[in-house]
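If you're matching positions, the sequence shown starts at 757 in our numbering and goes up one per residue. For every residue, glycine included, the Cβ atom is placed at its ideal position computed from N, Cα and C. Everything numeric in this text was worked out from a predicted model, so none of it was measured. Just below is one structure, and these are the notes that go with it.
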Amino acid sequence: MILKDVERRILFRIIRHGRICESGRHISLEDLLKGVRSHQIGEYKDAVEDLCQKGYLGKMKKQDRIDYCIYKDMMEEVIPILQEDEKYARFFAVKIL
């Protein structure tokens, strides 16, 4: 599956922080969008919704907000995609060792 750069950044951030649905750890949209430039926030929100529709991310209602996490099954599919990208390859090379 081909992912847009914005979707890759979102998935990388979720994986880096260990927000896996089966572990019960989630991340709020506000925390997910920290550090994103204000003119890109709409694009990132749309990408999060697209990833939910594609089945990569799960949504959970927690404390009157929606939190997101990645499904463990999808991590096996996403990690090789991120390893191919030069920006994220170093993280996974160190993480695997």
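Within 10 Å of its beta-carbon, does GLU763 have 16 or more other beta-carbons around it, so buried, or fewer, so exposed?
By the neighbour-count rule (16 or more Cβ atoms within 10 Å), GLU763 is buried.
Based on Cα-Cα distance, which residue from LEU785, GLY791, SER784 and ALA803 lies nearest to LYS760?
Of the listed residues, the one whose Cα sits closest to LYS760 is ALA803.
Using 8 Å for Cβ pairs, my map puts SER779 next to ARG821. What's the rounded Cβ distance?
19 Å between Cβ atoms; not a contact.
Report the three-state DSSP secondary structure of LEU788 (helix, strand or coil).
Of the three classes helix, strand and coil, the one that applies to LEU788 here is helix, per DSSP.
Same chain, Cβ closer than 8 Å to ARG775, neighbours up to 5 away in sequence not counted:
So the qualifying residues of the chain are ARG781, HIS782, ILE783, TYR824, CYS825 and ILE826.
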